[in-house]
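Numbers 15 to 200, taken from the numbering used here, label the letters of the sequence shown in order. Built from N, CA and C at the ideal position, the CB exists for glycine as well. One structure below.
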Amino acid sequence: MIDTGDWKRAEAIFDQDESALTAKINPFGYNALQIAVELGHARFAVNTINRIPLEALKDRTNTGNTALNVAARSDCIDAARALVQRDPDLTQTRCNGNRAPILEAAINGSKAVLQFLCSATRDEDPSPFRGNDGAWVLYNAIANGLFDAAIADSFSRQNACDEKAFVLIKIQKVKLETSHQRRQSQ
């Protein structure tokens, strides 16, 4: 039922057994929410987010990912918004190799979630906007063709880059755009 996004059937099960909401139900340690997010069943995921106990939003898979990391990896924007609305601290929760959700989105080319997390993630220690973490977010955003005005504005608002670094990033963006335009014209 989760694999097809059948919320009505799942809801009937959750009504009978609340523990089914948080039970790990596959060999990778995913719960119903994490599976729904991974498969992109946004309505199912949002319904589950609104019903699951708040502390269970931080439940981790066997590899250490929360549902927000899964949403960042699979570009499930509706789930990402609902998760952050319910628990804003999830943006700061590091999982899977010490990756913040914003980095997970950049690595996996999840543009909608990356843009959302650029505004929803706080610049607090350990900040994913500064140092090596910030560099990795920017590098992956650029490498995946996701670096645009929204991401640039977010990083400049966060004061994450000094002026020289920001100029270099803009130059790289122009190079990527020029290269992309050349490929399209051929």
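Check                                                                                              : Outcome
Beta carbon of Pro115 nearer than 7 Å to that of Asn83                                             : yes
Terminal residues of the alpha helix (DSSP H) in which Tyr153 lies                                 : 145–157
CA nearest to the CA of Asp103, picked from Lys125, Ser199, Glu138                                 : Glu138
Span separating the alpha-carbon of Arg197 from that of Arg113                                     : 33 Å
Delimiting residues of the alpha helix (DSSP H) encompassing Gln129                                : 125–134
Three-state secondary structure (DSSP) of Arg201                                                   : In the structure as shown, the chain begins at 15 and stops at 200. Residue 201 is therefore absent and cannot be evaluated.
heavy atom of the ligand SAM below 6 Å from Ser133 C-beta                                          : With respect to the ligand SAM, the structure offers nothing, as it holds no ligand at all.
Buried/exposed call for Leu189, threshold 16 Cβ in 10 Å                                            : Reading off the sequence, residue 189 comes out as Lys, not Leu. So Lys189 counts as exposed.
Cα-Cα separation between Asp211 and Cys109, rounded to whole angstroms                             : Because residue 211 is not part of the residues shown, which for the chain are 15 to 200, the question remains open.
Beta-ladder partner(s) of Arg113, from DSSP                                                        : Cys109
DSSP-derived helix/strand/coil call for Ile200                                                     : The question names Ile, yet the displayed sequence has Gln at residue 200. The answer is coil: DSSP assigns Gln200 none of H, G, I, E or B.
Boundaries (first-last residue) of the alpha helix (DSSP H) holding Asp92                          : 91–100
Under 7 Å between C-beta atoms of Leu160 and Leu128                                                : yes
Integer-rounded CB distance, given that Glu32 should sit under 8 Å from Ser88                      : The Cβ separation is near 26 Å, so there is no contact.
Residue environment, Asp73, which counts as buried when at least 16 other CB atoms sit within 10 Å : buried
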